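For reference, the structure discussed in these notes is given below.
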Amino acid sequence: MCLWLVAWYLGAGTSAYANWHLALSGVYVLVCAYRSVLPRVDLERLVLVDSPLSSIILGRTAATVAEICFAIQLGLLVHQLGGQAGLPLVQTAAWGIPVFMTLAQAFCWHSVLTLNHITQAVESLLWAAGFFMTAVLLAVVAQHSSGWVQAAALFGLVGSLGFIAYVLAIDTPMYLRRYRECRARGVCYLDLTSGARDAMVRRVPSRQWSAWKEDALWLTPYFSLGAWVSIGMVWVTRH
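Residue 23 is where the sequence shown starts when you use the working numbering, and the numbers rise one by one after that.
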(Lines of atoms letter the chains of each structure in order from A and count residues from 1; the text may use other names and numbers.)
(Lines give C-alpha, C1' and ligand atoms only; values in the text may rest on other atoms or scores of the structure.)
Protein backbone atom coordinates (compact mmCIF):
# COMPACT_ATOMS: atom_id res chain seq x y z
CA MET A 1 0.00 0.00 0.00
CA CYS A 2 2.85 2.40 0.81
CA LEU A 3 4.43 1.72 -2.58
CA TRP A 4 1.11 2.42 -4.29
CA LEU A 5 0.83 5.73 -2.41
CA VAL A 6 4.27 6.69 -3.71
CA ALA A 7 3.17 5.80 -7.24
CA TRP A 8 0.02 7.86 -6.78
CA TYR A 9 1.99 10.86 -5.49
CA LEU A 10 4.46 10.77 -8.38
CA GLY A 11 2.25 9.50 -11.17
CA ALA A 12 -1.18 11.08 -10.74
CA GLY A 13 -2.12 13.29 -13.66
CA THR A 14 0.95 12.49 -15.79
CA SER A 15 -1.18 10.78 -18.47
CA ALA A 16 -4.60 9.25 -19.01
CA TYR A 17 -2.96 5.81 -18.96
CA ALA A 18 -1.32 6.56 -15.61
CA ASN A 19 -4.59 7.73 -14.07
CA TRP A 20 -6.40 4.58 -15.18
CA HIS A 21 -3.59 2.37 -13.93
CA LEU A 22 -3.52 4.16 -10.59
CA ALA A 23 -7.23 3.55 -10.05
CA LEU A 24 -7.13 -0.07 -11.17
CA SER A 25 -3.92 -0.80 -9.28
CA GLY A 26 -5.35 0.81 -6.15
CA VAL A 27 -8.21 -1.68 -6.14
CA TYR A 28 -5.93 -4.64 -6.78
CA VAL A 29 -3.37 -3.68 -4.15
CA LEU A 30 -6.04 -2.95 -1.54
CA VAL A 31 -7.66 -6.34 -2.10
CA CYS A 32 -4.26 -8.05 -1.95
CA ALA A 33 -3.63 -6.38 1.40
CA TYR A 34 -7.02 -7.54 2.70
CA ARG A 35 -6.60 -11.10 1.46
CA SER A 36 -3.03 -11.39 2.71
CA VAL A 37 -4.11 -10.45 6.24
CA LEU A 38 -7.11 -12.80 6.10
CA PRO A 39 -6.03 -15.53 3.65
CA ARG A 40 -8.28 -18.38 2.64
CA VAL A 41 -8.36 -21.35 0.28
CA ASP A 42 -11.79 -21.16 -1.26
CA LEU A 43 -12.82 -24.72 -2.15
CA GLU A 44 -11.42 -26.20 1.03
CA ARG A 45 -13.07 -23.35 3.02
CA LEU A 46 -9.70 -23.03 4.76
CA VAL A 47 -9.10 -19.78 6.65
CA LEU A 48 -6.35 -18.51 8.90
CA VAL A 49 -8.62 -16.34 11.06
CA ASP A 50 -12.12 -17.53 11.92
CA SER A 51 -13.97 -14.26 11.36
CA PRO A 52 -16.94 -13.10 9.26
CA LEU A 53 -14.38 -11.01 7.36
CA SER A 54 -12.80 -14.30 6.29
CA SER A 55 -16.04 -15.33 4.57
CA ILE A 56 -15.32 -17.25 1.37
CA ILE A 57 -18.03 -15.32 -0.47
CA LEU A 58 -16.63 -11.97 0.68
CA GLY A 59 -13.07 -12.86 -0.24
CA ARG A 60 -14.03 -14.27 -3.62
CA THR A 61 -16.12 -11.21 -4.46
CA ALA A 62 -13.22 -8.90 -3.62
CA ALA A 63 -10.83 -11.10 -5.61
CA THR A 64 -13.12 -11.06 -8.64
CA VAL A 65 -13.16 -7.27 -8.77
CA ALA A 66 -9.41 -7.06 -8.18
CA GLU A 67 -8.50 -9.65 -10.80
CA ILE A 68 -10.63 -7.98 -13.45
CA CYS A 69 -8.89 -4.69 -12.61
CA PHE A 70 -5.51 -6.40 -13.04
CA ALA A 71 -6.61 -7.89 -16.36
CA ILE A 72 -7.68 -4.47 -17.63
CA GLN A 73 -4.28 -3.14 -16.58
CA LEU A 74 -2.60 -5.74 -18.78
CA GLY A 75 -4.78 -4.71 -21.70
CA LEU A 76 -4.04 -1.03 -21.08
CA LEU A 77 -0.30 -1.67 -20.91
CA VAL A 78 -0.22 -3.56 -24.21
CA HIS A 79 -2.49 -0.91 -25.75
CA GLN A 80 -0.09 1.87 -24.76
CA LEU A 81 3.03 0.02 -25.88
CA GLY A 82 1.34 -0.83 -29.17
CA GLY A 83 0.53 2.84 -29.67
CA GLN A 84 4.11 3.88 -28.91
CA ALA A 85 5.33 1.33 -31.47
CA GLY A 86 2.79 2.49 -34.08
CA LEU A 87 0.91 -0.81 -34.15
CA PRO A 88 -2.84 -0.13 -34.22
CA LEU A 89 -3.70 -3.81 -34.72
CA VAL A 90 -1.87 -4.65 -31.50
CA GLN A 91 -3.81 -1.91 -29.74
CA THR A 92 -7.11 -3.37 -30.94
CA ALA A 93 -6.12 -6.93 -30.04
CA ALA A 94 -5.01 -5.81 -26.56
CA TRP A 95 -8.63 -5.58 -25.45
CA GLY A 96 -8.96 -9.33 -25.92
CA ILE A 97 -6.60 -9.92 -23.00
CA PRO A 98 -9.03 -9.03 -20.18
CA VAL A 99 -11.74 -11.10 -21.89
CA PHE A 100 -9.89 -14.31 -20.97
CA MET A 101 -9.44 -13.26 -17.36
CA THR A 102 -13.03 -12.09 -17.01
CA LEU A 103 -14.33 -15.39 -18.42
CA ALA A 104 -12.04 -17.16 -15.94
CA GLN A 105 -14.00 -15.56 -13.09
CA ALA A 106 -17.16 -17.44 -14.09
CA PHE A 107 -15.34 -20.78 -13.90
CA CYS A 108 -13.77 -19.75 -10.61
CA TRP A 109 -17.15 -18.97 -9.10
CA HIS A 110 -18.50 -22.29 -10.35
CA SER A 111 -15.68 -24.13 -8.61
CA VAL A 112 -16.07 -22.15 -5.38
CA LEU A 113 -19.80 -22.80 -5.19
CA THR A 114 -19.86 -26.43 -6.34
CA LEU A 115 -16.50 -27.50 -4.80
CA ASN A 116 -15.49 -28.94 -8.19
CA HIS A 117 -11.77 -28.50 -8.81
CA ILE A 118 -12.08 -29.20 -12.53
CA THR A 119 -13.48 -25.75 -13.22
CA GLN A 120 -10.74 -24.27 -11.04
CA ALA A 121 -8.27 -25.88 -13.43
CA VAL A 122 -10.15 -24.35 -16.36
CA GLU A 123 -9.89 -20.96 -14.66
CA SER A 124 -6.12 -21.31 -14.40
CA LEU A 125 -5.86 -22.31 -18.06
CA LEU A 126 -7.88 -19.26 -19.10
CA TRP A 127 -5.46 -17.05 -17.19
CA ALA A 128 -2.62 -18.80 -19.01
CA ALA A 129 -4.40 -18.18 -22.33
CA GLY A 130 -4.73 -14.49 -21.49
CA PHE A 131 -1.03 -14.26 -20.66
CA PHE A 132 -0.19 -16.17 -23.85
CA MET A 133 -2.03 -13.52 -25.83
CA THR A 134 -0.17 -10.87 -23.83
CA ALA A 135 3.15 -12.55 -24.64
CA VAL A 136 2.39 -12.75 -28.36
CA LEU A 137 1.40 -9.09 -28.58
CA LEU A 138 4.40 -7.96 -26.55
CA ALA A 139 6.69 -10.00 -28.79
CA VAL A 140 5.30 -8.12 -31.79
CA VAL A 141 5.82 -4.80 -30.00
CA ALA A 142 9.40 -5.74 -29.10
CA GLN A 143 10.18 -6.53 -32.73
CA HIS A 144 8.91 -3.14 -33.92
CA SER A 145 10.23 -0.82 -31.23
CA SER A 146 13.35 0.32 -29.41
CA GLY A 147 14.36 2.06 -26.21
CA TRP A 148 12.07 1.93 -23.18
CA VAL A 149 9.14 0.55 -25.19
CA GLN A 150 11.15 -2.45 -26.33
CA ALA A 151 12.58 -2.94 -22.84
CA ALA A 152 9.11 -2.86 -21.26
CA ALA A 153 7.76 -5.26 -23.90
CA LEU A 154 10.61 -7.72 -23.36
CA PHE A 155 10.23 -7.55 -19.59
CA GLY A 156 6.50 -8.20 -19.89
CA LEU A 157 7.13 -11.00 -22.37
CA VAL A 158 9.48 -12.82 -19.99
CA GLY A 159 7.06 -12.32 -17.10
CA SER A 160 4.13 -13.64 -19.15
CA LEU A 161 6.05 -16.75 -20.21
CA GLY A 162 7.08 -17.33 -16.60
CA PHE A 163 3.46 -17.16 -15.47
CA ILE A 164 2.36 -19.57 -18.20
CA ALA A 165 5.07 -22.04 -17.18
CA TYR A 166 3.95 -21.83 -13.55
CA VAL A 167 0.30 -22.45 -14.43
CA LEU A 168 1.09 -25.44 -16.63
CA ALA A 169 3.70 -26.98 -14.32
CA ILE A 170 2.26 -26.33 -10.85
CA ASP A 171 -1.15 -24.68 -10.64
CA THR A 172 -3.27 -26.70 -13.07
CA PRO A 173 -1.76 -30.11 -12.12
CA MET A 174 -2.51 -29.35 -8.45
CA TYR A 175 -6.18 -28.70 -9.18
CA LEU A 176 -6.47 -31.74 -11.45
CA ARG A 177 -4.94 -33.92 -8.74
CA ARG A 178 -7.40 -32.56 -6.18
CA TYR A 179 -10.24 -33.27 -8.62
CA ARG A 180 -9.13 -36.90 -8.98
CA GLU A 181 -8.71 -37.28 -5.21
CA CYS A 182 -12.22 -35.93 -4.58
CA ARG A 183 -13.66 -38.29 -7.18
CA ALA A 184 -11.84 -41.21 -5.57
CA ARG A 185 -13.28 -40.28 -2.16
CA GLY A 186 -16.76 -39.98 -3.61
CA VAL A 187 -17.10 -36.30 -2.71
CA CYS A 188 -20.53 -34.94 -3.58
CA TYR A 189 -20.54 -31.62 -5.36
CA LEU A 190 -22.95 -28.89 -4.32
CA ASP A 191 -25.52 -27.15 -6.47
CA LEU A 192 -25.06 -23.40 -6.89
CA THR A 193 -27.65 -22.42 -4.27
CA SER A 194 -26.36 -24.81 -1.61
CA GLY A 195 -22.81 -23.82 -2.50
CA ALA A 196 -23.57 -20.14 -2.00
CA ARG A 197 -24.97 -20.83 1.47
CA ASP A 198 -22.01 -23.03 2.31
CA ALA A 199 -19.48 -20.45 1.11
CA MET A 200 -21.24 -17.76 3.08
CA VAL A 201 -21.01 -19.39 6.49
CA ARG A 202 -18.66 -22.39 6.52
CA ARG A 203 -15.03 -21.84 7.48
CA VAL A 204 -12.33 -24.33 8.43
CA PRO A 205 -9.78 -22.43 10.54
CA SER A 206 -6.24 -23.75 10.70
CA ARG A 207 -2.81 -22.40 11.58
CA GLN A 208 -1.01 -25.62 10.69
CA TRP A 209 1.63 -25.16 7.99
CA SER A 210 0.74 -28.57 6.57
CA ALA A 211 -2.71 -27.24 5.68
CA TRP A 212 -1.30 -24.20 3.88
CA LYS A 213 2.03 -25.23 2.38
CA GLU A 214 0.74 -26.35 -1.03
CA ASP A 215 -1.39 -23.27 -1.65
CA ALA A 216 1.38 -21.03 -0.33
CA LEU A 217 3.04 -21.60 -3.72
CA TRP A 218 0.44 -19.36 -5.34
CA LEU A 219 -0.69 -17.24 -2.39
CA THR A 220 2.78 -15.81 -1.75
CA PRO A 221 3.55 -14.52 -5.28
CA TYR A 222 -0.08 -13.44 -5.75
CA PHE A 223 0.00 -11.06 -2.79
CA SER A 224 3.57 -9.85 -3.32
CA LEU A 225 4.79 -10.12 -6.91
CA GLY A 226 1.29 -9.57 -8.31
CA ALA A 227 0.89 -6.33 -6.37
CA TRP A 228 4.36 -5.13 -7.41
CA VAL A 229 3.61 -5.82 -11.08
CA SER A 230 0.33 -3.94 -10.80
CA ILE A 231 2.12 -0.92 -9.31
CA GLY A 232 4.96 -1.28 -11.84
CA MET A 233 2.51 -0.81 -14.71
CA VAL A 234 1.73 2.63 -13.28
CA TRP A 235 5.40 3.60 -13.64
CA VAL A 236 5.62 2.31 -17.21
CA THR A 237 2.65 4.42 -18.29
CA ARG A 238 4.24 7.62 -16.97
CA HIS A 239 6.33 7.81 -20.15
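Ideal Cβ positions, reconstructed from N, Cα and C, are used throughout, including at glycine.
Because the structure is a prediction, the values reported are computed rather than measured.
Problem set entry | For Leu290, the three-state DSSP class (helix, strand or coil) | The requested residue 290 does not occur in the structure, where the chain is confined to residues 23 to 261.
Exercise. Thinking just about the alpha-carbon of each residue, which of Ala93, Leu99 and Arg67 is nearest to the one in Ala262?
Worked result: Since the first residue shown for the chain is 23 and the last is 261, residue 262 is missing from the structure and cannot be characterised.
Exercise. So, is Met222 buried or exposed, given that buried needs 16 or more other C-beta atoms within 10 angstroms?
Worked result: Here residue 222 refers to the residue found at position 200 of the sequence shown. Under a 10 Å Cβ-count criterion, Met222 is classified as exposed, with fewer than 16 other Cβ atoms of the shown protein chains found around its own Cβ.
Problem set entry | Beta-ladder partner(s) of Val226, from DSSP | Indexing the sequence shown from 1 puts residue 226 at position 204. Under DSSP, the beta-bridge partners assigned to Val226 are Leu68.
Exercise. Using the beta-carbon count (16 or more within 10 Å), is Thr156 buried or exposed?
Worked result: Here residue 156 is taken as the residue at index 134 of the sequence shown, counted from 1. Burial is judged here by how many other beta carbons sit within 10 angstroms of a residue's own beta carbon; Thr156 has at least 16 and is buried.
Exercise. Do you know how far the Cα of Ala174 is from the Cα of Arg225?
Worked result: Start at 1 with the first residue of the sequence shown, and residue 225 comes out as number 203. Start at 1 with the first residue of the sequence shown, and residue 174 comes out as number 152. Between the alpha carbons of Arg225 and Ala174 lies a gap of roughly 42 angstroms.
Problem set entry | Residue of Ser146, Ala143 and Leu179 minimising C-alpha distance to Leu160 | Against the sequence shown, residue 160 aligns to sequence position 138. The residue with the shortest Cα to Cα distance from Leu160 is Leu179.
Problem set entry | C-alpha distance - His43 paired with Ile90, whole-angstrom precision | On the sequence shown, residue 43 is found 21 positions in, with the first residue counted as 1. On the sequence shown, residue 90 is found 68 positions in, with the first residue counted as 1. Distance between the alpha carbons of His43 and Ile90: 13 angstroms.
Problem set entry | Per DSSP, cross-strand counterpart(s) of Arg199 | Walking along the sequence shown from the start, residue 199 turns up at place 177. In the DSSP assignment, Arg199 is bridged to no other residue.
For this session: Give the DSSP bridge partners of Arg62, in chain order.
Result: As a working note, residue 62 is residue 40 in the sequence shown. Within the DSSP bridge table, the entry for Arg62 names Val69 as partners.
Exercise. Ordered along the chain, which non-local residues of its own chain (more than five positions away) have a Cβ less than 8 angstroms from that of Val49?
Worked result: Residue 49 sits at position 27 when you count from the first residue of the sequence shown. Correct list, in chain order: Val87, Ala88 and Cys91.
For this session: Assign Tyr211 to one of three DSSP states: helix, strand, or coil.
Result: Your numbering for residue 211 matches position 189 in the sequence shown. Coil.
For this session: May I ask you to report which of helix, strand or coil DSSP gives His101?
Result: Here the question's residue 101 lines up with position 79 in the sequence shown. Here DSSP, grouped into helix, strand and coil, assigns His101 to helix.
Exercise. For His139, which three-state DSSP category applies?
Worked result: For the purposes of this step, residue 139 is identified with residue 117 of the sequence shown, where counting begins at 1. Looking at His139 - three-state DSSP - the assignment turns out to be helix.
Exercise. For Asp213, does the count of other Cβ atoms within 10 angstroms reach 16, so buried, or fall short, so exposed?
Worked result: Position 191 of the sequence shown, counting from 1, holds the residue named residue 213. Around the beta-carbon of Asp213, fewer than 16 other beta-carbon atoms lie within 10 Å, marking it exposed.
Exercise. Are three or more beta carbon pairs between the segment 201-218 and the segment 128-147 nearer than 8 angstroms?
Worked result: The segment 201-218 is in contact with the segment 128-147.
For this session: Quick one: grab the DSSP three-state call for Leu46.
Result: On the sequence shown, residue 46 is found 24 positions in, with the first residue counted as 1. Assignment of Leu46 by DSSP, reduced to helix, strand and coil, places it in the helix class.
Exercise. Applying the criterion that 16 or more other CB atoms from any shown protein chain within 10 Å of the CB defines a buried residue, is Leu65 buried or exposed?
Worked result: Within the sequence shown, residue 65 is the residue found at index 43, counting from 1. Around the CB of Leu65, 16 or more other CB atoms lie within 10 Å, so the residue is classed as buried.
For this session: Use the C-beta contact count for Pro120: other C-beta atoms within 10 angstroms, 16 or more gives buried, fewer gives exposed.
Result: Counted from its first residue, the sequence shown places residue 120 at position 98. It counts as buried.
Problem set entry | Cβ shell of Pro110 (< 8 angstroms), same chain only, five flanking positions each side left out | Residue numbering aside, residue 110 sits at position 88 when the sequence shown is read from its first letter. The beta carbon of Pro110 sits closer than 8 angstroms to the beta carbons of Gly104 from its chain, once the five residues preceding and following it are set aside; these are given in chain order.
Problem set entry | Nearest residue (CA-CA) to Ser168, options Arg82, Gln106 and Ala55 | Position 146 of the sequence shown, counted from the start, is the residue given in the question as residue 168. Checking every option, the nearest Cα to that of Ser168 belongs to Gln106.
For this session: Quick one: grab the DSSP three-state call for Leu109.
Result: As a position in the sequence shown, residue 109 is number 87, starting the count at 1. Collapsing the DSSP output to three states places Leu109 in coil.
Exercise. Roughly how many angstroms lie between the CA atoms of Leu176 and Phe153, to the nearest whole one?
Worked result: Taking the sequence shown and counting its residues from 1, one reaches residue 176 at position 154. Taking the sequence shown and counting its residues from 1, one reaches residue 153 at position 131. Using only the alpha carbons, I get a separation of about 14 angstroms.
For this session: Along the alpha helix (DSSP H) that carries Trp234, what are the first and last residues, could you check?
Result: Numbered from 1 along the sequence shown, position 212 holds the residue referred to as residue 234. That run of the alpha helix (DSSP H) goes Trp231 to Trp234.
Exercise. Is it the case that the Cβ atoms of His227 and Asp72 are separated by a distance below 8 angstroms?
Worked result: Looking up residue 227 in the sequence shown gives position 205. Looking up residue 72 in the sequence shown gives position 50. The sequence given here has Pro at residue 227, not His. With contacts defined by Cβ atoms closer than 8 angstroms, Pro227 and Asp72 form a contacting pair.
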